[in-house]
DNA sequence: CAGGATCCACTATTGGATCCCG
DNA sequence: CGGGATCCAATAGTGGATCCTG
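Chains as they are written, first to last, in this note's numbering: chain A, 1 to 231; chain B, 1001 to 1231.
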């Protein structure tokens, strides 16, 4: 049975290439088909189930809840990201990268940052996600491995520096999601009132909105176009 | 009197450089000040007086209604365009270039087109035009002469070809203002029901909406940035 | 709470319509 | 009707908020 083939590949991958092949094996399948071999429920509607597709693809590729398979991806040095795309292969959303504390931003250069580490190597799995499609109907596209080109890396680093600079000088008023040409900082929490421990400009304890790095849709659009040209 | 200085330069210019100097002489003045030396009325509000600033600047530079001074600009080979800009020097609007008949588009290559001719050399006069400013309060910026760079020319030509191609193949449904990265085609008339004589795909007579070429605001923004870097 | 993400009200952009003059 | 342009309702874009899971 087709879906069992997917399950069979789910144990550890020896290389990034092997992982890519497994991901490409999913191309053309609907989410319903992925779920079929995975013993899990399929919610009817996308809304209120935001991370669902991402988790299904993780599982279809063997990244289960177990620490062991999570370690596979860790060992391979690959970050897995589903990318919701329109029929015209245009990303419909920005891409979450990771949380970050403003204080760590100030201390950490781009090269040593978690965002740079996560973006060093990404397996993008496009998902055709027109709003009118149910989760079940959404279809997996052709996955690809990406690392930033020299130009892209320069853009990311410049945005990081701009964001870190504003954090350092305490210009929190002007440090919103509009900053950054390709990388941006946005609130990320269950709701807007959530606060976490932080330190203010002078290192004194304070409470702050949790924030995370995101890639702008325009940037992943460029990444996707380049990948399509490769094919 | 200062405004007489302006009037004194209004007779024919010997060169583009002389014209540019006269235009730069207007920098920093308000429209009220320009009008002061010109014997004409100043409407209170911008709305319902759309071409007013353009005509005032023309007159301040000696392009009166008389065919003679119009010929000055013609002889110099310069097109005069005011450019409404925000305080951040961002163009607030697209820029009208000229009317065009779809039939002529099909026959005329870029090099021989009126739009290419008009864009070959332009004197842009930025006007600070925040919506809350009355006409009188709007201020003239630093004028500059522009000709398309090689890259800009390639973009313009490619857009022209794209537009002409759709006109040729009769794809009028897809030939709207969205076509063209920097150059676009838009309806231009007193109102949407205006029609002019035209010919259809087979050369048969028909009625069509008058259309004109415009430069997108994003393009003139780039032109303006380059000019500001020069200064 | 970190990580898988998308939602959606609001803002920014702009395509088509329009205004005045000669 | 061509040329000087801007207006503004509708659409596109996105910043901040939010949802579910382990």
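Yeah, the Cβ is synthetic: ideal placement off N, Cα and C, and Gly gets one too.
Exposed unless 16 or more other CB atoms sit within 10 angstroms - verdict on residue i
i, result
"residue 1174 (chain B)", "exposed"
"residue 47 (chain A)", "exposed"
"residue 129 (chain A)", "buried"
"residue 224 (chain A)", "buried"
"residue 1150 (chain B)", "exposed"
"residue 231 (chain A)", "exposed"
"residue 1203 (chain B)", "exposed"
"residue 131 (chain A)", "exposed"
"residue 112 (chain A)", "exposed"
Reference residue i; option with closest CA among the options
i, options, result
"residue 1051 (chain B)", "B:1093, B:1218, B:1024", "B:1093"
"residue 1177 (chain B)", "B:1047, B:1021, B:1122, B:1096", "B:1096"
"residue 146 (chain A)", "A:187, A:91, A:128, A:81", "A:81"
"residue 1079 (chain B)", "B:1130, B:1047, B:1090, B:1114", "B:1114"
"residue 144 (chain A)", "A:121, A:179, A:202, A:207", "A:121"
"residue 1156 (chain B)", "B:1027, B:1188, B:1110, B:1013", "B:1110"
"residue 1179 (chain B)", "B:1190, B:1188, B:1158", "B:1158"
"residue 40 (chain A)", "A:207, A:140, A:136", "A:136"
"residue 125 (chain A)", "A:200, A:98, A:85", "A:85"
"residue 140 (chain A)", "A:148, A:89, A:98", "A:89"
Cα-Cα separation, residue i to residue j
i, j, result
"residue 1004 (chain B)", "residue 1035 (chain B)", "Reliability of the predicted coordinates at residue 1004 (chain B) is poor, the pLDDT of 42 falling under 50, and the value obtained from them is presented with this limitation in mind. Approximately 11 Å between the Cα atoms of the pair."
"residue 107 (chain A)", "residue 229 (chain A)", "38 Å"
"residue 87 (chain A)", "residue 1049 (chain B)", "44 Å"
"residue 182 (chain A)", "residue 218 (chain A)", "7 Å"
"residue 169 (chain A)", "residue 102 (chain A)", "11 Å"
"residue 19 (chain A)", "residue 54 (chain A)", "16 Å"
"residue 62 (chain A)", "residue 226 (chain A)", "27 Å"
"residue 1009 (chain B)", "residue 1022 (chain B)", "Note that residue 1009 (chain B) has pLDDT 42, beneath the 50 cutoff, so the model's placement of it is unreliable and the number below is only indicative. Straight-line Cα distance between these residues: approximately 7 Å."
"residue 193 (chain A)", "residue 1083 (chain B)", "44 Å"
"residue 1171 (chain B)", "residue 1119 (chain B)", "26 Å"
"residue 15 (chain A)", "residue 57 (chain A)", "18 Å"
"residue 166 (chain A)", "residue 91 (chain A)", "28 Å"
"residue 32 (chain A)", "residue 134 (chain A)", "10 Å"
"residue 195 (chain A)", "residue 205 (chain A)", "12 Å"
"residue 77 (chain A)", "residue 123 (chain A)", "10 Å"
"residue 222 (chain A)", "residue 1186 (chain B)", "29 Å"
"residue 1074 (chain B)", "residue 1017 (chain B)", "15 Å"
"residue 45 (chain A)", "residue 138 (chain A)", "11 Å"
"residue 214 (chain A)", "residue 1154 (chain B)", "34 Å"
"residue 191 (chain A)", "residue 27 (chain A)", "35 Å"
"residue 188 (chain A)", "residue 209 (chain A)", "8 Å"
"residue 160 (chain A)", "residue 1152 (chain B)", "31 Å"
"residue 116 (chain A)", "residue 162 (chain A)", "15 Å"
"residue 1220 (chain B)", "residue 184 (chain A)", "27 Å"
"residue 200 (chain A)", "residue 1127 (chain B)", "43 Å"
"residue 1013 (chain B)", "residue 1098 (chain B)", "24 Å"
"residue 207 (chain A)", "residue 1148 (chain B)", "53 Å"
Integer Cβ distance of residue i from residue j, believed to fall under 8 Å
i, j, result
"residue 1216 (chain B)", "residue 1100 (chain B)", "Actually they do not touch by this definition, with Cβ atoms about 16 Å apart."
"residue 164 (chain A)", "residue 105 (chain A)", "5 Å"
"residue 1059 (chain B)", "residue 1038 (chain B)", "6 Å"
"residue 1029 (chain B)", "residue 1142 (chain B)", "12 Å between Cβ atoms; not a contact."
Bounding residues of the alpha helix (DSSP H) (the contiguous stretch that carries residue i)
i, result
"residue 152 (chain A)", "150–168"
"residue 212 (chain A)", "Not the alpha helix (DSSP H): residue 212 (chain A) falls in the beta strand (DSSP E), residues 211–215."
"residue 137 (chain A)", "Looking at the DSSP string, residue 137 (chain A) is not in any alpha helix (DSSP H), and its letter there is neither H nor E."
"residue 60 (chain A)", "52–60"
Residue range of the beta strand (DSSP E) that includes residue i
i, result
"residue 1119 (chain B)", "Residue 1119 (chain B) -> not in any beta strand (DSSP E); alpha helix (DSSP H) instead, spanning 1114–1119."
"residue 79 (chain A)", "79–85"
"residue 102 (chain A)", "Where residue 102 (chain A) is concerned, there is no enclosing beta strand (DSSP E), although the alpha helix (DSSP H) it sits in stretches over 102–107."
"residue 198 (chain A)", "196–199"
"residue 26 (chain A)", "Residue 26 (chain A) -> no beta strand (DSSP E), and no H or E assigned at all."
"residue 1145 (chain B)", "1144–1146"
"residue 1190 (chain B)", "It is not in any beta strand (DSSP E) - residue 1190 (chain B) carries neither H nor E in the DSSP assignment."
"residue 205 (chain A)", "205–208"
"residue 1123 (chain B)", "1122–1128"
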